[in-house]
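Below is one structure, written out as structure tokens; the observations come after it.
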Amino acid sequence: AQSVTQLDSQVPVFEEAPVELRCNYSSSVSVYLFWYVQYPNQGLQLLLKYLSGSTLVESINGFEAEFNKSQTSFHLRKPSVHISDTAEYFCAVNSGGSSNTGKLIFGQGTTLQVKP
Amino acid sequence: NAGVTQTPKFQVLKTGQSMTLQCAQDMNHEYMSWYRQDPGMGLRLIHYSVGAGITDQGEVPNGYNVSRSTTEDFPLRLLSAAPSQTSVYFCASTMGRTSTEQYFGPGTRLTVT
Chain W
1 AQSVTQLDSQ VPVFEEAPVE LRCNYSSSVS VYLFWYVQYP NQGLQLLLKY
51 LSGSTLVESI NGFEAEFNKS QTSFHLRKPS VHISDTAEYF CAVNSGGSSN
101 TGKLIFGQGT TLQVKP
Chain H
1001 NAGVTQTPKF QVLKTGQSMT LQCAQDMNHE YMSWYRQDPG MGLRLIHYSV
1051 GAGITDQGEV PNGYNVSRST TEDFPLRLLS AAPSQTSVYF CASTMGRTST
1101 EQYFGPGTRL TVT
């Protein structure tokens, strides 16, 4: 069965510092990978996704993630964080591999806390 | 478009009571799902549907029922609430097999005492 592991439950960082949120997945087939963000008391919003093609994917607010097939990782990075990036971040994989099933398998979540 | 809507936002139940969490989407999406979110466990799939009249179980289906009589609505029923069902529940939808982005509702926070 597929699984997703987020290696850090909490990541505290100072404003304007770089950050990396780590995500590893287990799958023997091609996958679709996602990062979702959840701001306090809100639902989840899609941050970025990898489907195929370039292994580096970017979001509109400065985050990027790199798909590494050999290490089965999809780490999320941002070179300079803002206070407004404080949120919980979830890594997820489509359970049907590269065939969309409408079912996602989520990691445990990483709380990013940006300090002034 | 309102997107994915959920009602109620908050609910407190006593053990043994039943209730239905409502979910609706106005995007004509084929696939709909219910997840529960618990601290340190991420989101786990309860039930999902790939179209009207078609539902299937996810990872944690026990204690929950669903039906999908229309494309728009996907209610989640708790038949006899238990404290272990205290959680935040999210409904999500996606267009279908050719789409990969799921749209999430704002969530329902349920407490069972």
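Going down the list, the protein sequences come from chains W and H. Each residue of the first sequence is one higher than the one before, counting from 1 in this note's numbering. Each residue of the second sequence is one higher than the one before, counting from 1001 in this note's numbering. Idealized CB from N, CA, C, for every residue including glycine. On a predicted model such as this, the values are computed, not experimentally measured, just so you know.
Collapsed DSSP secondary structure at residue i in the structure displayed
| i | result |
| --- | --- |
| P18 of chain W | coil |
| S3 of chain W | strand |
| S1069 of chain H | coil |
| Q10 of chain W | strand |
| S1099 of chain H | coil |
| Q108 of chain W | coil |
| S80 of chain W | coil |
| Q1085 of chain H | helix |
Residues bridged to residue i (per DSSP)
| i | result |
| --- | --- |
| P1008 of chain H | In DSSP, P1008 of chain H forms no bridge with anything. |
| R1044 of chain H | H:R1036 |
| E1059 of chain H | DSSP lists no partner for E1059 of chain H. |
| G1051 of chain H | H:I1054 |
| K115 of chain W | W:F14 |
| Q1025 of chain H | H:V1004 |
| T1094 of chain H | H:Y1031 |
Within chain W, partners of residue i - CB distance below 7 Å
| i | result |
| --- | --- |
| V1060 of chain H | Within 7 Å Cβ-Cβ: nothing; V1060 of chain H doesn't reach chain W, min ~12 Å. |
| S1033 of chain H | G102, K103 |
| V1050 of chain H | G102 |
Neighbouring residues, chain H, relative to residue i (Cβ below 8 Å)
| i | result |
| --- | --- |
| Y32 of chain W | T1100 |
| S27 of chain W | Per Cβ cutoff of 8 Å: no residues; S27 of chain W is ~15 Å from chain H at best. |
| F90 of chain W | G1042, L1043 |
| Q108 of chain W | G1040, M1041, G1042 |
Per-residue contacts from residue i into chain H (C-beta, under 9 Å)
| i | result |
| --- | --- |
| S9 of chain W | G1040 |
| N24 of chain W | Under the 9 Å cutoff, chain H gives no residues; its nearest Cβ is about 14 Å from N24 of chain W. |
| N61 of chain W | Ordered by position in chain H, no residue passes the 9 Å Cβ test against N61 of chain W, which lies about 17 Å from the chain. |
Neighbouring residues, chain H, relative to residue i (Cβ below 7 Å)
| i | result |
| --- | --- |
| Y42 of chain W | The amino acid occupying residue 42 of chain W in the given sequence is Gln; Tyr does not appear at that position. Near Q42 of chain W (Cβ distances below 7 Å), the residues of chain H are P1106. |
Chain-ordered neighbours of residue i on chain W, where CB pairs are closer than 9 Å
| i | result |
| --- | --- |
| F1090 of chain H | G43, L44 |
Ordered list of beta strand (DSSP E) runs contained in the segment 19 to 62 of chain W, each at least 3 residues
19 to 21, 23 to 26, 33 to 38, 44 to 50, 56 to 58
Can you confirm whether the segment 1015 to 1027 of chain H touches the segment 1088 to 1099 of chain H when touching is taken to mean that 3 or more C-beta pairs between the two stretches lie within less than 8 Å?
A contact exists between the segment 1088 to 1099 of chain H and the segment 1015 to 1027 of chain H.
So, does the segment 8 to 20 of chain W touch the segment 63 to 83 of chain W, judging by three or more C-beta pairs under 8 Å?
yes
Are the segment 46 to 58 of chain W and the segment 106 to 116 of chain W in contact at 8 Å, needing three or more beta carbon pairs?
no
Contact between the segment 1106 to 1113 of chain H and the segment 1008 to 1015 of chain H (3+ Cβ pairs under 8 Å):
yes
Any 3 or more C-beta pairs closer than 8 Å across the segment 1065 to 1080 of chain H and the segment 1095 to 1107 of chain H
no
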